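Participant:
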Amino acid sequence: MADYSASQLANSAGSDVPFTTLLFTTPPGESEPEPSSTTASDETIPFDQKSDHLPLFPASFRTGQYREKIKPLDQDSLGEFLQQEFSLERLEKIYSKLWRVGFRRAPRSLTAQLLQGRRIVLAESLDMHLVWDSGKIYVKPLPRYLLEPAIWKGCLSRQQGKTCLEVAVSDLPTNSKPSGAAGEGKIREAALGLLYSYACLIADRADFELALQQGLLPKFLDQPSWPRWRTLATEILSSQITDEMHPRFKHGELRLGRLNWIYLFRDIPKFKLYFETWNSYTEFVLANMASITAVTVYMVVVLTAMQVGLATNKLKENASFHSASYGFAVFSILAPLIAVLLIVVALLVVLVPNWKSARAAVVDTATVTASSGSPAGSLGGQGVAKKGETVSQDLALGVLAAEEDRHWEESFPMEKMANNHVIMMSFSVILSWLSKTYTYLANLQWTERIQHDCVFCDRANFASIVYEDEEIIAVDNIYPAGKHHWLILPKRHILRDIEGLKRQHLPLLQAMDRVKKQLLGQITFGASHSSAAVVVHAGYHRGRRRLVGMVFWPDIVSIHHLHLHVIVQPYPWLCFFKYPGWLPLMWKADTTVLQEVQTSS
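Have a look at this one:
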C-alpha cells in the first residue's frame, strides 16, 4: 500500500495533475484484476497499467440522439465516454444568460443545501450537477477515476489527452467528431470544475459524512477518511484551478425553473425544456391544475366578501363597489376557463414533440440494427440460419415498421413534410388564438364610441327582410348562430341597448315579442323534429354600464341600435361564447327583460 502511494505521489508532481494528495491508498486493480488481453489499441492507451484502471469506470454508457443505444466501456471506447461524460454543451449554448440562473459564487456546502430545505438527488449528467428545483438539488457523484493521478496524466492532461480521444472519434461520423478545443480542452476544464465544486461542497466533517451517506463520494475497498479529504480539498482550493476550470462552475448552483424558461423560448417553435420535472402527462396537468385550484380558492374568498359587503347598509348603495363586484365576478368566471384552455394548448405543445421524438427513436434503432453486420441484425442471414437461432419478435417488428415508414415516406412525401412541420403548425395555432383574443379585447367598448351612421337605420344593409310593419322590422342575421337567426328591431333609432329601457318602452318590447312568436309560428318543422323539441335561444346582449367617469364595463354591442336576437336550433359552441345564456353579465333573455320592464316603476 505504501509503495503504491509513494510512487503515485512521485508521478503526480507534474502540472497536469491538479493534486498530490491521494484519497485512496489501494491500487485500482488489486481487488478485481481485469483479465489480460492483447488488442490493437494497447499502444494508443496513454496511461500506465491500462487494464488496472478500467474498474474505476462504469461498465457501460449510453449513446445516440435519444440515448437509445448502450455501449460497453472498454479501452477502445474510453475516449468517447469521457467526451460524453464531461459534456456541458447545453449550458455553453446559453452561457451569456447564466447570470439570470445563478449567482457568480462558489457552491455552498451540502449542509447549507439541507438548511435551504433541499434534498440531494443523484444525477449522472454533468449539466445537471448543482441544478436545484423546489425542495431538491441535483448532484453528480464524484467519479473514482478523477482521484487517480494516472488518469489525469493520460486522458485529462493538457498535451496527452488527444491520444486518448483518437480511439473514440476514429469510428464516429465526420460531422460528429469533436473539434480540438471541444475534445481536448473542454473535457479537462469540466473535470477540474467538478473537482473544484466538491472541494466547496464538502467543507467540514458534517459535509463529509453526508457525502458518504448519500453516495456522493466513491468507496473503493478502504473508505476515504476525513483527514485525507481535508488535505485534498485544501490543496485544490489553494491552487489556481479556478483560472483553468470551465466557466460554468463559477456560477455555483443553477435554478432549474429559469433554465427551463430560457430553453423554452430559445428554440421557438420547438418549445424544449432544459429538464422535464414530470414523468407523465397526468403529472403535467395535475401540477398546473394545482395552481388554478389555489387561485380559485382565493377568488371564492373575495366573492364571498363582496357578497357580504353588498348586504351591508354602507355598500348596498355604493355604485363603485357594485361596479367592482361586477368586474371581479366576470373575471372569476372567465379566468379559470382561459387558464384551462392554456394548459390544454401547452399539453399539446409538449405532447407533439415527444411523440415525434419517440417515433423517430424507434425507427432509427430498428433501421440501424437491421443494417448492422451482426448476425442478430440480419434477418435471414446465413449466420443466424446456421446456428438455428430465432430472431427476436420485437426486433422483427421494429425492422418491419422502419421499412414500412420508409416506403410510406417515399410514396407520400407530404406525410413526411407534415411531420417535419407539425411543431410549427402548433405554434401558428397558438399565435392565431392569441391574435384573436387580442382583437376581441381590443374591440370591447371600454369607452363610448359614437356611431354617426347606424347600419340598422339603412335598410339597404339588410341581407333579407323576413317581416316588416310600420314600427318593427325583422331580418336574417348575416352571420347566423343557428338554423334560423333573426334580428328584430324598431325602425326608429330609439335606444342603444337594453340598459336604457324604461316603463314607457313596454309597448315596443311587446310588439317585438309578438313578431318573434309570429316568425316562430311560420317555421315548418321536419318529420324528425316536433315543435316541442326545437330549441329557441332569444335575448339581448347586455349594454353599456358606467365603471368610473367615462370608462364603462366592456360590452359586445357592435351596433348601437336596440335589437333582439332570436336563434332557432342554435349552434352550441357559437352560442356558448357569443350569445352566452349561462352568463347574465353579458346576455339577458328577452322574457326576463320584458318582465323587468313590466314591473318597473
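Using UniProt numbering, the first residue of the sequence shown is number 1, and each one after it goes up by one.
All residues carry an ideal CB built from backbone N, CA and C; glycine is no exception.
Remember, it's a predicted structure, so these values are computed and weren't measured experimentally.
1) Pick helix, strand or coil for Ser374, following the three-state DSSP scheme.
2) From Lys483, Gly327, Val349, His563, pick the residue whose C-alpha is nearest to that of Val536; which is it?
3) What residues in its chain sit with their C-beta under 8 Å from that of Glu124, if we drop five residues either side in the sequence?
4) Which residue's Cα is closest to the Cα of Phe275: Met299, Leu264, Lys516, His561?
5) Which word fits Lys186, buried or exposed, when buried means at least 16 other C-beta atoms lie within 10 angstroms of its C-beta?
6) Just tell me which of Phe86, Ile338, Pro143, Pro336 has its CA closest to the CA of Leu126.
7) On a CA-only basis, which of Thr293, Ala190, Val597 is nearest Asp243? Give me that one, please.
8) Rounded to whole angstroms, what is the Cα-Cα separation between Leu201 and Leu110?
9) Measure the beta-carbon distance from Arg105 to Gly252 and round it to whole angstroms, keeping in mind my assumption that it falls under 8 Å.
10) Could you work out which residue in Gly327, Lys97, Asn318, Ile559 is closest to Met299 when comparing CA atoms only?
11) If we ignore side chains and look at the alpha-carbon of each, how far apart do Ser323 and Asn354 end up?
12) My understanding is that Leu56 touches Arg144, with C-beta atoms under 8 Å, so please give their C-beta distance in whole angstroms.
13) For the beta strand (DSSP E) that Val486 lies in, which residues bound it at each end?
14) What are the boundary residues of the beta strand (DSSP E) that includes Ala538?
15) How big is the Cα-Cα spacing for Ser600 and Val593?
16) If you compare alpha carbons, which of Leu256, Phe462, His53, Trp229 is closest to Trp152?
17) Identify, in the order they occur along the chain, each residue of the same chain with its Cβ nearer than 7 Å to the Cβ of Gln598, setting aside the five sequence neighbours on each side.
18) Check each candidate in Leu334, Phe81, Ser60 and name the one with the smallest Cα separation from Pro72.
19) For the alpha helix (DSSP H) containing Val285, name the first residue and the last one.
20) Could you give the residue range of the alpha helix (DSSP H) that holds Pro572?
21) For the beta strand (DSSP E) that Arg62 lies in, which residues bound it at each end?
22) My output table needs one value for Leu212: the three-state DSSP class, helix, strand or coil.
23) Can you tell me whether Arg255 is helix, strand or coil according to DSSP?
24) Does the pairing of the stretch 74-81 with the stretch 233-247 give three or more beta-carbon distances under 8 Å?
25) Thinking C-beta only, is Ile465 closer than 9 Å to His563?
26) Going straight from the alpha carbon of Arg100 to that of Ile498, what length do you get?
27) In its own chain, which residues sit with a C-beta less than 8 Å from the C-beta of Cys575, not counting the 5 before and 5 after it?
28) Quick check: the Cα distance between Gly309 and Leu130, rounded to an integer number of angstroms?
29) With a Cβ-Cβ cutoff of 9 Å, do Ile120 and Gln214 count as a contact?
30) So what does DSSP say about Pro336, is it helix, strand or coil?
31) Compare the beta carbon distance of Asp133 and Arg255 with 9 Å and say whether it is the shorter of the two.
32) Where does Gln113 fall in DSSP's three states?
33) Less than 9 Å between the beta carbons of Trp587 and Arg542, yes or no?
34) Note the first and the last residue of the continuous beta strand (DSSP E) segment covering Asp133.
35) For Thr277, which of Arg266, Asp267, Pro227, Leu259 has the nearest alpha-carbon?
36) Name the DSSP beta bridge partners of Lys93, please?
Facilitator: Per the coordinate set shown:
1) Confidence at Ser374 is low in this model, with a pLDDT of 43, below 50, so the placement of that residue should be treated as unreliable; the coordinate-derived value is given next. Coil at Ser374, not helix or strand.
2) Lys483
3) Scanning its chain for C-beta atoms nearer than 8 Å, with the 5 sequence neighbours on each side dropped, one finds around Glu124 the residues Lys140, Pro141, in chain order.
4) It is Leu264 whose Cα lies nearest to the Cα of Phe275.
5) buried
6) Phe86
7) Ala190
8) 5 Å
9) 5 Å
10) Gly327
11) Roughly 47 Å between the two C-alpha positions.
12) Distance from Leu56 to Arg144 at the Cβ level is roughly 5 Å; contact confirmed, criterion being Cβ atoms closer than 8 Å.
13) A small correction: the amino acid at residue 486 is Trp; Val does not occupy that position in the sequence shown. Residues 482-490.
14) Element bounds for Ala538: 536-541.
15) 11 Å
16) His53
17) Excluding residues within five positions, the ones whose Cβ falls inside 7 Å are Leu506.
18) Ser60
19) Segment 281-310, the alpha helix (DSSP H) holding Val285.
20) 572-578
21) 60-63
22) helix
23) strand
24) no
25) no
26) 54 Å
27) Hits under 8 Å: Ala481, Gly482, His537, Ile567, Gly581.
28) 51 Å
29) Yes.
30) helix
31) In this structure, the beta-carbon distance from Asp133 to Arg255 falls below 9 Å.
32) Gln113: helix per DSSP, three-state reduction.
33) It is a contact, given that the beta carbons lie within the stated cut-off.
34) 131-133
35) Leu259
36) Lys93 is not bridged to any residue.
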